[in-house]
Every structure is written in C-alpha cells, then in structure tokens.
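From first to last, the protein sequence lines stand for chains A and B.
Just so you know, my numbering puts 163 at position 163 of the first sequence, and the rest follows in order with no gaps.
Each number in my numbering corresponds to the 1-based position in the second sequence with 313 added.
In what follows, a structure is listed as structure tokens, so that the remarks can point back to it.
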Amino acid sequence: MSLWFSRRRQSTLAVLAIAALLLNGCGRDASTQVSLCGPSGQLRVGYVGADEGRAQGGQAVLPDQDITRVRDLLTVASRCEVVLEPVASPEQARLRLSSGGWDAAFLPPGLAALALEGAGSTDYNLLRPLGQRSNSRSVLLVAAGSERRSVKQLKGARLGLLPRGSLTGFYLPLYNLHGLSLGSVHYALSYSELLEQLRAGRLDVIAWDAALPDPGADVRVLNSDPNTIPVGALVLSQALVAADHQPFLRVLDQSAPQLPPSLGYVAGVLPEAQQLQRLRSVVNSVESWTLPLEGQPYAVYGRKQSLIPEERR
Amino acid sequence: MRLHPELLFSQISLYLEKANCGCDMKFPALQGWMVGSGQRPLRKQLAITLSAIFAVSILVAVLLLNQLFGLQARNLIDQRSSFFMDAMLAVREYTSKNVNPIVAPLNQGAGGFRPESVPSYSAQTVFSYLKAKPEYRDYSYREAALNPTNLRDKADSFETGVIERFRNDATLTTIAGEKATPLGDMHFVARPIKITKESCLVCHSTPDRAPASQLLTYGDSSGFGWKLNEIVGAQIVTVPQKAVFEAKDRSLFTTALLFVIAFVAVGLITNSVLNQLILRPMREISRKAEEASVTPATVSFEERNRSDEIGLLARSFERMKQSLAISMQMLKDRQSRP
Chain A
1 MSLWFSRRRQ STLAVLAIAA LLLNGCGRDA STQVSLCGPS GQLRVGYVGA
51 DEGRAQGGQA VLPDQDITRV RDLLTVASRC EVVLEPVASP EQARLRLSSG
101 GWDAAFLPPG LAALALEGAG STDYNLLRPL GQRSNSRSVL LVAAGSERRS
151 VKQLKGARLG LLPRGSLTGF YLPLYNLHGL SLGSVHYALS YSELLEQLRA
201 GRLDVIAWDA ALPDPGADVR VLNSDPNTIP VGALVLSQAL VAADHQPFLR
251 VLDQSAPQLP PSLGYVAGVL PEAQQLQRLR SVVNSVESWT LPLEGQPYAV
301 YGRKQSLIPE ERR
Chain B
314 MRLHPELLFS QISLYLEKAN CGCDMKFPAL QGWMVGSGQR PLRKQLAITL
364 SAIFAVSILV AVLLLNQLFG LQARNLIDQR SSFFMDAMLA VREYTSKNVN
414 PIVAPLNQGA GGFRPESVPS YSAQTVFSYL KAKPEYRDYS YREAALNPTN
464 LRDKADSFET GVIERFRNDA TLTTIAGEKA TPLGDMHFVA RPIKITKESC
514 LVCHSTPDRA PASQLLTYGD SSGFGWKLNE IVGAQIVTVP QKAVFEAKDR
564 SLFTTALLFV IAFVAVGLIT NSVLNQLILR PMREISRKAE EASVTPATVS
614 FEERNRSDEI GLLARSFERM KQSLAISMQM LKDRQSRP
C-alpha cells in the first residue's frame with residue numbers, strides 16, 4: 001500500500017507542480033477591498049481647511065508633518081493612490097473645483113457652497129462638517145479715525161479682500177457693496193495681511209471675520225453682515241458618491257482623531273446643507289458678475305438675488 | 314494565492330530527501346517505474362517515461378525562467394520608467410524654453426497665476442494624460458521636492474531620504490528599489506532634479522522676486538531659497554510590485570504553455586515513430602513466429618532484408634524457422650522409416 005502510495009505520489013507530484021506553476025501565471029490577488037479612485041486612477045484631494053484667511057503670513061496651510069499623515073490616512077481609507085493638494089488660496093481651490101481637478105476636498109463654507117452649486121464640470125456632495133460653530137460673520141473694517149461711517153461712503157475706497165472663493169472675505173463683502181464704485185480692489189491670502197495693509201494706510205476698508213480675535217482699537221467695524229456663517233465641509237464628487245464610498249467614510253470617521261485638530265472634522269454627522277444652500281444665492285449672484293482684478297477700479301454691479309431670511313427657513 | 318517557486322522547490326527537495334532517507338527500496342521502485350520492468354507494453358512505458366522526463370524538464374525550466382523573467386520584467390519597468398522621466402524632462406525643457414517666455418509675463422499682471430508656465434506643472438499634467446491610457450495606469454509619476462511651491466509636491470519621509478541621497482552624492486544619477494506603502498510594496502526609480510537655469514530662480518529665490526500672482530496663489534512660505542546647481546527634488550516613477558509580478562507571470566505562463574505544447578507534440582511524434590519503426594514490425598515478427606511454430610514452411614520473414622535491428626531479429630527468426638523446418642522434416646523422415 002505504501003509503495004503504491006509512493007508511486008502515486010511520485011507520478012502526481014510533477015504534474016501538480018507544473019499545474020501549480022501554470023496556474024500561478026493566472027493568479028489573482030485575493031484582496032477584495034474596494035478602492036475609491038477618481039477617473040484618473042488616483043484620488044485627488046484638495047485641502048483648504050475649515051477656516052478662511054486664518055493662516056498668518058508665511059505659514060503653510062498644512063504643516064509638513066500633517067501632509068504625510070493626512071495623505072497616508074486618505075490612502076488607507078480609499079485604497080487608492082492619493083494626490084493631496086493643500087491650497088492656501090480660495091481662488092486656486094475654486095479653479096480646481098470648477099475644472100473637476102479634485103475628487104474630494106476639505107473646504108471652508110464659501111467653497112463648500114460653490115461646490116454644492118456645481119462649480120463647473122463636476123458636482124459635489126457634502127459628506128462631513130468641518131470646523132466648530134462660532135460667531136463667524138462677515139464684517140467690513142476701517143481705520144478708527146476714518147471719516148467713513150456707512151457703506152455708501154465707501155465710494156472710491158481702496159478695498160482689501162481675500163481671493164475669490166472666500167465667503168466672508170470675498171462673496172459677502174462684495175454682495176453687501178452692490179451698487180458702489182470702488183477706487184481699487186486688492187487681495188491678500190489672510191486677514192492678518194489685510195489688517196496690516198489697513199493699518200499701513202494702503203487700504204481704506206477691508207473684509208474681516210467677526211470670529212477672529214479683536215483686531216484692536218485702531219480699527220472699527222463699519223458694517224456687519226447679518227448672516228450666520230455655516231461650517232465648512234468635506235465634499236466628494238458625485239461620481240464617487242455614486243460609487244461605494246461608505247468604507248472610505250467609515251475609515252475616516254474611525255481615524256478622525258488623527259486628522260489635524262484645526263480641521264474640525266466631525267465624525268458620523270451629516271453637514272447641515274440648509275444654511276449653505278441659503279448662501280448659494282450670494283455666491284451665485286457674485287459669481288455672475290464681472291469680478292474685480294488686483295489693483296483695478298471696480299463697480300460692484302450685476303444681478304443680485306435676494307436672500308431668503310433665516311427665520312423663514 | 315500566489316505560489317512561491319522557491320517554496321515549491323524546497324518542498325520538492327524535502328520530498329526527494331525523504332524518499333532517499335532510510336528508504337532505499339523506493340529508488341529501485343522509482344527506477345522501475347521510469348524505465349519499466351516488462352510489466353507494461355513498450356508504448357505505454359515510453360509514454361510514462363517521456364511524460365516524467367518532460368514534466369521534470371518543464372518544472373526545472375519554469376523554476377529557472379521564473380527567476381530570469383522576474384529580472385527581465387524589472388528591467389523592462391526600469392527602462393519604461395527611464396523613458397517616462399526622459400519624456401518628462403523634455404516636457405519641462407519645452408515649457409521652460411517655449412511656454413514660460415509667453416505665459417510668465419501674464420503672471421506679472423492683475424489676473425490670476427497661470428501654472429502652465431511652470432515646468433513641473435506641465436510635466437505632471439502631461440503624465441496624468443499618459444496615465445489615462447490603460448497600459449500606463451499602474452505607473453505613477455511625482456516630482457517631489459523638499460521645499461516646493463505647491464505643497465502637493467512636498468516630499469514625504471521616503472522621498473526626502475531619496476533626495477538627500479542625491480544631494481549627498483553628486484555622482485548618483487539614478488536610484489531604484491522597493492518601498493513599502495499603505496497600498497503594498499512598490500518598485501520605484503528616481504532621478505535628481507537640479508536647478509540649472511537662472512530663470513527658475515525668479516519664482517524660487519526670494520518672495521520679492523516672485524510674481525505677485527504667484528504669492529497670492531501659493532503664499533510666501535514655501536518654494537523659496539533655491540540655489541543654482543542645487544538638487545531640490547527628484548523625479549520618481551513608482552509601479553506596484555504586483556504589476557512587476559503580473560508581467561513576469563504572464564511571460565512565464567506563455568513560455569510554460571509553449572513548453573507543454575512542444576513536449577506533447579514531441580511525445581506524440583516519438584510514440585508514432587516508435588510504433589512505425591519498432592512496435593509494428595515486432596508485432597508482425599511475433600505473429601509470424603507464432604505461425605512458424607506450427608507451419609514453418611508457409612512463413613517468410615521478409616523483414617530480414619532490413620539492415621537494422623529488426624532485420625537482425627528477422628534473420629535470426631528466419632534461421633530458427635529453417636532449423637525448425639529441418640528438424641521437423643528429420644523427425645517426419647524418422648517416423649516414416651520402417
């Protein structure tokens with residue numbers, strides 16, 4: 001019996017070995033994990049953060065050590081090669097969104113509203129809220145000694161704004177200045193730079209966020225927008241939302257403590273789209289206008305959609 | 314499940330060792346099985362022997378080719394990666410010489426920053442179009458820098474290590490190897506990015522030299538302080554190891570299949586030739602010998618005219634038949650004598 005077995009084994013061993021090697025050629029990866037990749041075969045993720053214009057001059061939007069950590073975390077969550085693009089300028093982010101250059105993005109409220117609107121070739125869905133609720137409002141600051149007491153007196157003024165794409169620093173200030181002719185419009189990447197220029201006398205009025213620390217006694221608020229600013233959002237392109245994105249979201253939720261605290265990622269909660277939807281009319285209106293260029297005079301003029309009052313929502 | 318040839322080889326060795334160790338009787342059994350001990354028809358025995366020889370030959374060939382094709386697949390990927398990097402260098406050169414002079418003045422104006430003037434942007438954009446083709450989908454291209462303008466290109470710890478190696482050894486032109494990532498092991502090829510043009514420093518030396526639109530887009534915190542002839546980053550092409558293995562396995566499978574087809578054909582032809590040359594004449598001689606044992610006079614071994622071993626055998630049978638006929642005649646004569 002043993003001899004028979006041994007002969008049998010001998011004869012089958014070689015055949016099995018060859019068959020195994022041949023089958024190896026057709027071997028499949030046993031991994032069944034779903035990957036969430038964009039049409040480019042990569043997951044292109046934009047990172048602007050939850051806040052607008054908060055970074056101080058010379059400060060990167062995302063510290064070096066966080067870039068690698070966030071990229072690795074997104075790679076694990078998506079099972080796809082991640083191209084993470086931290087962006088300081090809302091204008092740059094707006095261009096990426098409008099060209100469909102990002103599959104997902106961590107956005108402040110203005111850009112989230114823009115993404116929700118269907119910024120261009122790609123539509124996005126809100127997935128998770130970013131940032132803490134605060135008393136964020138768009139205000140206009142002038143020097144304390146300025147003779148300008150009302151918005152109407154800003155005719156011919158030099159206005160400082162954040163780049164296009166910012167809700168508190170661009171869309172709302174322009175919306176509130178509708179009908180005025182400004183002397184010139186200037187841009188800066190952060191509120192602190194705008195404040196510096198206001199103090200230096202290079203600007204007459206600047207956009208400001210009421211949630212920022214008190215700017216000091218040498219400036220005063222000229223106008224305060226009544227609208228409450230919603231929080232930012234993590235958005236995902238609709239093509240990927242239509243795909244199976246739940247595993248991606250689950251891993252992100254589980255790893256929320258590893259995301260930068262400044263991002264304010266809130267796990268397991270859907271963003272309140274209502275407030276963003278409401279502010280879409282502001283974004284829509286301003287986006288439909290001919291927009292100001294750096295250092296050029298500008299007449300704030302164009303079709304203005306009226307806002308639905310908050311209490312009627 | 315992936316089969317590891319090395320493991321298979323060691324298992325076979327182990328098996329042969331076991332077959333050898335303290336079991337001397339198994340070798341004669343194997344020998345008998347391979348060479349035959351007259352238990353089976355020759356044709357069947359030959360088929361068994363040839364199958365065994367061919368199986369072992371294919372096994373050994375496949376094990377050796379597995380190593381060879383692995384090396385070839387890696388070389389092919391390295392060559393393709395080098396081609397990508399050369400192509401991207403050409404795109405950079407074109408952007409630097411032809412596009413930048415046209416677009417850069419626009420960046421000095423009131424409009425937004427146009428990244429089309431940046432060689433790195435052009436190279437990575439062109440590669441993204443290339444990557445859209447299915448045959449290049451596995452390849453990734455990055456221009457990682459220690460201090461990039463766009464933080465998308467910020468080198469991670471691994472890439473920083475590669476760039477530092479280039480910075481520390483000016484003679485080093487290429488680094489290739491494997492790296493572990495959250496998506497699995499990757500094969501990579503890297504080349505240094507050196508600042509050789511003064512024009513690069515307009516945007517990368519100090520913020521006051523950079524266009525205002527660039528500062529408004531990327532800020533003034535990164536991408537500055539570069540120096541002429543400094544290695545600031547690396548071109549890195551990565552390919553999943555899985556893709557290397559798949560390329561190797563495809564070649565191996567095709568070759569092994571060709572081996573099997575060739576050996577099966579050789580086996581069939583050998584068997585047919587054996588049948589024509591030996592087995593059929595032998596069966597015929599055997600039948601005639603049977604007949605000759607009863608009526609030797611009616612049988613003729615025509616094969617005796619052949620000059621091969623069959624002819625030799627036929628001649629022997631012919632002589633035996635004649636001897637038998639004489640003996641039978643003598644016996645008959647003796648019986649008929651009173």
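In this text, a Cβ means the ideal position worked out from N, Cα and C, and glycines have one as well.
In the three-state reduction of the DSSP assignment, Gly110 (chain A) falls in the helix class. Legend: CB atoms of the stretch 443–470 of chain B lying less than 8 Å from CB atoms of chain A belong to residues Lys444, Ala445, Arg450, Ser453, Asn463, Leu464, Arg465, Lys467, Asp469 and Ser470.
At a cut-off of 8 Å between C-beta atoms, Thr530 (chain B) counts as an interface residue with respect to chain A. Apart from sequence neighbours up to five positions away, the residues of its chain that approach Glu456 (chain B) with a beta-carbon distance below 7 Å are Ser433, Ala436, Gln437, Asp466, Ile506, Gly546 and Gln548, ordered along the chain.
DSSP, read as helix, strand or coil, puts Arg455 (chain B) in strand. DSSP places Tyr434 (chain B) in the uninterrupted alpha helix (DSSP H) bounded by Pro432 to Lys444. According to the DSSP assignment, Tyr407 (chain B) belongs to the alpha helix (DSSP H) that extends over Leu355 to Tyr407.
Taking 8 Å as the cut-off, the Cβ atoms of Val205 (chain A) and Asn176 (chain A) do not count as close. The beta-carbon separation of Ala157 (chain A) and Leu182 (chain A), rounded to 6 Å, stays under the 8 Å limit for a contact.
Among the residues of the stretch 481–505 of chain B, those with a Cβ less than 8 Å away from any Cβ of chain A are Thr494, Pro495 and Leu496, in the order of the chain. A Cβ-Cβ contact shorter than 8 Å links Gln527 (chain B) with Cys516 (chain B).
Relative to the Cα of Glu196 (chain A), the nearest Cα in the group A:Pro215, A:His245, A:Leu222 and A:Pro86 belongs to A:Pro215. The CB of Ser441 (chain B) comes closer than 7 Å to the CB of Ser40 in chain A, given here in chain order. In the structure shown, Val607 (chain B) falls within a coil segment according to DSSP collapsed to helix, strand and coil. For Val87 (chain A), the three-state secondary structure derived from DSSP is coil. The contact set of Tyr187 (chain A) on chain B, defined by CB atoms closer than 8 Å, consists of Leu529 in chain order. Secondary structure at Gly497 (chain B): strand, using DSSP grouped into helix, strand and coil. Taking C-beta atoms as the reference points, Pro226 (chain A) and Tyr187 (chain A) fail to come closer than 8 Å. In its own chain, leaving out the 5 sequence neighbours on each side, no residue places its CB closer than 6 Å to the CB of Phe558 (chain B). According to the DSSP assignment, Ile229 (chain A) belongs to no beta strand (DSSP E), since it is labelled neither H nor E. Taken in chain order, the unbroken stretches of beta strand (DSSP E) that lie wholly in the stretch 133–207 of chain A and span 3 residues or more are 138–143, 158–161 and 184–187. For Ser224 (chain A), the secondary structure class from DSSP, reduced to helix, strand or coil, is strand.
Contact annotation: the stretch 485–494 of chain B does not touch the stretch 365–383 of chain B, with fewer than three C-beta pairs closer than 8 Å. Under the three-state reduction of DSSP, Gly546 (chain B) is assigned to strand. Here the C-alpha atom of Arg650 (chain B) lies approximately 10 Å from the C-alpha atom of Leu644 (chain B). The beta-carbon of Pro261 (chain A) is placed no less than 8 Å from the nearest beta-carbon of chain B.
By the Cβ neighbour-count rule, Ile639 (chain B) is exposed, with fewer than 16 other Cβ atoms within 10 Å of its own. Looking at A:Asn125, A:His178 and A:Asp103, the one whose alpha-carbon comes closest to that of Arg303 (chain A) is A:His178.
For Ser237 (chain A), there are no neighbours in chain B by C-beta distance under 8 Å, as the nearest C-beta there is about 16 Å away.
Boundaries around Leu130 (chain A) are those of the beta strand (DSSP E), Tyr124 to Leu130, since no alpha helix (DSSP H) includes it. By the Cβ-count criterion, Arg522 (chain B) is exposed, with fewer than 16 other Cβ atoms from all chains shown falling within 10 Å of its own Cβ. Boundaries for Leu43 (chain A): no alpha helix (DSSP H) harbours it, while the beta strand (DSSP E) harbouring it runs Leu43 to Tyr47, taken from the DSSP string. Take Met641 (chain B), set aside five residues on each side of it, and the residues of its chain with a beta-carbon closer than 8 Å to its own are Pro609, in chain order. Where Arg619 (chain B) is concerned, there is no enclosing alpha helix (DSSP H), because DSSP gives it neither an H nor an E. For the stretch 483–540 of chain B, the full-length alpha helix (DSSP H) segments reaching 4 residues or more read 514–517 and 525–531 along the chain.
If you look at Lys304 (chain A), you'll find it isn't in any alpha helix (DSSP H); DSSP assigns it neither H nor E.
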